[in-house]
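Numbering (UniProt numbering), first residue to last: 1 to 213. Here the structure is laid out as structure tokens; the discussion comes afterwards.
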């Protein structure tokens with residue numbers, strides 16, 4: 001219900017405002033196509049800022065955004081190709097509540113939007129044969145969000161919950177049941193997201209299978 005409310009009240013209106021198109025839903029993720037890269041980045045930042053400052057019930061939901069500018073292959077209503085793959089990988093590099101963009105995107109938006117992106121350098125990403133230079137931004141981070149301050153951003157302190165001793169968690173590969181090799185990276189992204197989330201816990205140990213390294 002919270003996800004549905006979030007879409008109805010925030011995500012869908014923001015996408016429509018910035019002339020975006022929802023290509024498809026992928027579990028708890030969304031692939032969105034924009035005619036303008038400026039609109040894409042502005043939409044992502046506006047959604048993250050609205051979520052950070054909005055309804056406390058919805059603020060418990062955090063998501064990450066990856067934006068890339070590149071060629072895609074149109075397949076009916078779907079889009080595929082390297083441009084989509086890089087965007088999916090950028091999403092996995094983003095902090096919760098933040099956004100990562102490629103250098104091609106940064107070149108287009110750096111003088112046109114009032115959001116400060118931090119250069120994260122070149123990153124090796126799965127299934128991409130070249131390093132990708134990444135720029136990152138996070139809502140509420142004074143380094144990247146010029147509107148962030150203690151007066152406008154609530155302070156959130158993590159709560160540590162007790163866990164049993166000697167607890168370990170193994171994350172195995174997710175299967176791509178679509179029989180479409182082009183969708184393989186989405187299954188990889190889900191597993192990587194789980195590993196990233198578990199790695200923030202104090203006690204659990206997350207074992208990454210070789211295919212995620």
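Just so it is clear, CB atoms sit at the ideal spot from N, CA and C, and this is done for glycine as well. No experiment lies behind these values; they were computed from the predicted model shown.
Own chain, CB closer than 7 Å to residue i, minus 5 neighbours either side, in chain order
i           : result
residue 150 : In this predicted model, residue 150 has a pLDDT of only 36, less than 50, meaning its place in the structure is not dependable enough to derive any value.
residue 76  : none
residue 194 : 171
residue 106 : 117, 135
residue 123 : 93, 131, 132, 134
residue 4   : none
residue 154 : With a pLDDT of 38 at residue 154, under the threshold of 50, the modelled position of this residue cannot be trusted, and the question is left open.
Inter-residue Cα distance where the pair is residue i and residue j
i           : j           : result
residue 16  : residue 91  : 21 Å
residue 100 : residue 69  : 12 Å
residue 83  : residue 71  : 5 Å
residue 29  : residue 22  : 11 Å
residue 25  : residue 130 : 28 Å
residue 31  : residue 42  : 16 Å
residue 120 : residue 2   : 32 Å
residue 196 : residue 189 : 10 Å
residue 85  : residue 97  : 21 Å
residue 158 : residue 27  : Only weak support exists for where residue 158 lies, its pLDDT of 47 falling under 50; the value from the coordinates is given anyway. Their backbone Cα atoms lie some 26 Å apart in a straight line.
residue 180 : residue 128 : 18 Å
residue 12  : residue 18  : 10 Å
residue 126 : residue 184 : 11 Å
Identified DSSP bridge partners for residue i
i           : result
residue 190 : Note: residue 190 sits in no beta bridge, so no partner.
residue 25  : 30
residue 133 : 122
Residue i and residue j closer than 8 Å at C-beta
i           : j           : result
residue 35  : residue 67  : no
residue 89  : residue 132 : yes
residue 171 : residue 139 : no
residue 214 : residue 14  : Because the chain here runs from 1 to 213, residue 214 falls outside it and cannot be looked at.
residue 8   : residue 20  : no
residue 38  : residue 112 : yes
Inter-residue CB distance, residue i and residue j (contact presumed, cutoff 8 Å)
i          : j           : result
residue 94 : residue 136 : 7 Å
Other residues of its chain near residue i: CB distance less than 8 Å, five sequence neighbours each side excluded
i           : result
residue 10  : 47, 50, 51, 54, 58
residue 187 : 173, 174, 175, 176
residue 78  : 23, 24
Beta-carbon contacts of residue i that lie in its chain and below 6 Å, excluding the five residues immediately before and after
i           : result
residue 73  : 80, 81
residue 108 : 37
residue 40  : 34, 67
residue 104 : 69
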